[in-house]
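Visitor: Pasting in a structure now, in structure tokens, and then I'll have a few things to ask.
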Amino acid sequence: ALCQRNLPGINNEVCTAAFSYIKACGSEHLPLRMPNLCTSCSLPDGTLLEEGNTHKIGGKDVPMSTDVIFIVEAKHCTKYWKEKKTLQIFMSVLGKELKNVGLINNRYGVVTFGGNGVFEHPRSIYVNNQFFTSEKNVPYIFERIPAGDGKSDIFGALRYASTLPFRPGVAKTFILFPCSTCHPANMTVEYSVISHVLMENDITLHILMNVDFHVEKQRSNKLILEISITYLVSLGTIFTGKKLHDESMSVKKFSSIFAKRIAVTAEPDSCQLCECIANSDGMQYIECLLCEYTVPEFLDFVSNFEMIRYLVLLLGIQMNFTEK
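As structure tokens, this is what we get:
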């Protein structure tokens, strides 16, 4: 390795040969990794970080920005976002709310799942050969997602989205548009796994359901807790888009409430440890995890539960409390 470092241009030749060898072995089901010599990542300040090395981001070095991922189930229930320029209005409001809390240069991406054919499994949608794009392109992407009736692996889609190439240090914001429930038979990832992934990667998950909340008194706590525990762990919120079908609920009013909640939870963590990693294709990326993370205390859980209840009432969602 010492001799290789002293010969100009030798690294490119060695790494090209290594990559070809790894691909050939992979075709024979023999997985290999790229040599550390061939793997390095560029930090925001331009310095190189070799594979396996970590870099701490904190204080003023934390970028005040967020990568927002829309995770869309490719079924007919999301069609209302394509009507009356609903998504265009929401994206405009979201961009303004993020700037109001000091988050700039934000990026957006779309992951789809649950459709037909290649759209059944989680996949990234690209615009001009780029996954991350501006807020103006998101409605364009939504309009071109074909509706289908494939398997609804919501947890698998969340796991897939967590592996995307996020910028070092930025906040990670997920907005899920489900058409179905998280039935265990449809999930390829267990709840405990996806909960840990969200918490460890400091991902904030918001849910926009296409149903009203109807809660019976005797089971209200159980139902709400079962639905919201994953999202409360990630400090996210559950909303319902059903009211967008109601003429009394304007798109701008709904967008303002939803976007404000997203913005106030999108601040990057003040201490992150970033590591350079290479995937099986030899592509390098930087993964940043929290310096420390803990399961929210019960009192914090209660606080978030009450906040969700308040937002539900604020949106005018009907909650039926009936005796059996």
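In the numbering used here, the protein residues as written are -3 to 320. Glycine included, C-beta positions come from ideal geometry on N, C-alpha and C.
1) So Lys71 and Ala153 are supposed to be a Cβ contact under 8 Å. How far apart are they, rounded?
2) Could you compute how far the alpha carbon of Asn133 sits from the alpha carbon of Tyr122?
3) With respect to the beta strand (DSSP E) encompassing Gly91, which residues constitute its N-terminal and C-terminal limits?
4) Hey, could you find the ends of the beta strand (DSSP E) Ser38 is sitting in?
5) Going by C-alpha distance, which of Leu26, Glu69, Ala14 is nearest Ser148?
6) Go ahead and pull the three-state DSSP assignment for Thr236.
7) Between the C-alpha atoms of Ile150 and Gly54, what's the straight-line distance to the nearest angstrom?
8) Ordered along the chain, which non-local residues of its own chain (more than five positions away) have a Cβ less than 7 Å from that of Ser299?
9) What is the C-beta distance between Arg163 and Ile190, in whole angstroms, given that I count them as a contact (C-beta under 8 Å)?
10) Using beta-carbon positions only, say whether Pro118 and Thr129 come within less than 9 Å of one another.
11) According to DSSP, simplified to helix, strand and coil, what is Glu131?
12) Where does Met195 sit, in a helix, a strand or coil, going by DSSP?
13) Near Val64, what residues of its chain come up, given a Cβ to Cβ distance below 6 Å and the 5 sequence neighbours on each side ignored?
14) For Tyr281 and Ser251, what's the separation of their Cα atoms in angstroms?
Guide: In short:
1) Actually they do not touch by this definition, with Cβ atoms about 13 Å apart.
2) 10 Å
3) Run containing Gly91: none in the beta strand (DSSP E); it sits in the alpha helix (DSSP H), 82 to 96.
4) 36 to 38
5) Glu69
6) strand
7) 33 Å
8) With a pLDDT of only 43 at Ser299, under the threshold of 50, the placement of this residue in the model should not be trusted, and no figure is reported.
9) Wrong, their Cβ atoms sit about 22 Å apart, outside the cutoff.
10) no
11) helix
12) helix
13) Tyr104, Thr169
14) 33 Å
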